[in-house]
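Peer 1: Residue numbers (our numbering): 266 to 417. For each residue, glycine too, the CB sits at the ideal point set by N, CA and C. Pasting a structure here, questions to come.
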Amino acid sequence: MALSNLLQRQINRIVDYLGREGDRIIKLAARTAETTERTGNQGDAYGWGVFYNGSLKKIGFWTPLPAAHKAHKGYGDVPDGTGRQWVTEFFRGEYESKSKGFELVCVNAAFYTAIQERGGGRLKHKWRVISQVYSDVDALKKKFKGAETRLL
């Protein structure tokens, strides 16, 4: 077996492992979120991506099929669409990995998640949507020397 084939198999194994961990983390985030679902878009906006040397290798979502029953109508700079579309657009265009090596990114790509997390706008307090799983992401990072993880 050529060295390159062996190396590629090891890369694939690590990508698969990080994908399973990303799946576990976003499912935990979705289960423990403090917000309520009305249209299903915020739930569909949970996703993960695994990058290797800056290139997207694998992407995953909270559920196998989209749950949103109504697209967000958008306004101003806020895009219309569904949570699943926002995650896909985030990983395929908005996010640019600068990592030299492996990187796992876990995200809730709904535009209003950041507002809810910081308590901005007309909100009376902060809502945890994805930040509550930071310790899980940090624990995973400690397993790999020089690993990069992102919780966005």
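Going by DSSP, which residues form a beta bridge with isoleucine 324?
Peer 2: Position 59 of the sequence shown, counted from the start, is the residue given in the question as residue 324. Answer is Gly314, bridged to isoleucine 324.
Peer 1: Considering only residues of the same chain and omitting the five flanking positions on each side of isoleucine 380, which have a CB-CB separation below 6 Å?
Peer 2: Locating residue 380 in the sequence shown gives position 115, counting from the first residue. Here the set comprises Gly386.
Peer 1: Please report the Cβ distance between asparagine 306 and glycine 358, rounded to the nearest whole angstrom; I am assuming they are in contact, meaning their Cβ atoms lie under 8 Å.
Peer 2: By one-based count along the sequence shown, residue 306 stands at place 41. By one-based count along the sequence shown, residue 358 stands at place 93. Asparagine 306 to glycine 358, Cβ: 19 Å. No contact.
Peer 1: Is the region 301-317 touching the region 351-365, taking contact as three or more C-beta pairs under 8 Å?
Peer 2: Flag = yes, the region 301-317 and the region 351-365 touch.
Peer 1: Considering Cα atoms alone, identify which of Lys406, Asp401, Gln273 is closest to leucine 293.
Peer 2: As a first step, residue 293 must be located in the sequence shown, where it is residue number 28. That would be Asp401, whose Cα lies nearest to the Cα of leucine 293.
Peer 1: Quick test of your reading: isoleucine 290 and valine 394, contact by CB under 8 Å. State the CB separation rounded to the nearest angstrom.
Peer 2: Residue numbering aside, residue 290 sits at position 25 when the sequence shown is read from its first letter. Residue numbering aside, residue 394 sits at position 129 when the sequence shown is read from its first letter. At roughly 13 Å, the Cβ-Cβ gap does not stay under 8 Å, so isoleucine 290 and valine 394 are not in contact.
Peer 1: Relative to the C-alpha of arginine 285, which candidate in Trp327, Thr304, Ala375, Tyr377 has its C-alpha closest?
Peer 2: Taking the sequence shown and counting its residues from 1, the one referred to as residue 285 is at position 20. When only C-alpha atoms are compared, the closest one is Trp327.
Peer 1: Below 8 Å CB to CB, which residues in the same chain sit around proline 331 once its five sequence neighbours on both sides are set aside?
Peer 2: Position 66 of the sequence shown holds residue 331. Once the five neighbours on either side are set aside, the close Cβ partners of proline 331 are Gly305, Asp309, Thr347, Gly348, Arg349.
Peer 1: Measuring CB to CB, does isoleucine 324 end up less than 9 Å from phenylalanine 376?
Peer 2: By one-based count along the sequence shown, residue 324 stands at place 59. By one-based count along the sequence shown, residue 376 stands at place 111. Cβ distance not < 9 Å, so isoleucine 324 and phenylalanine 376 don't count as in contact.
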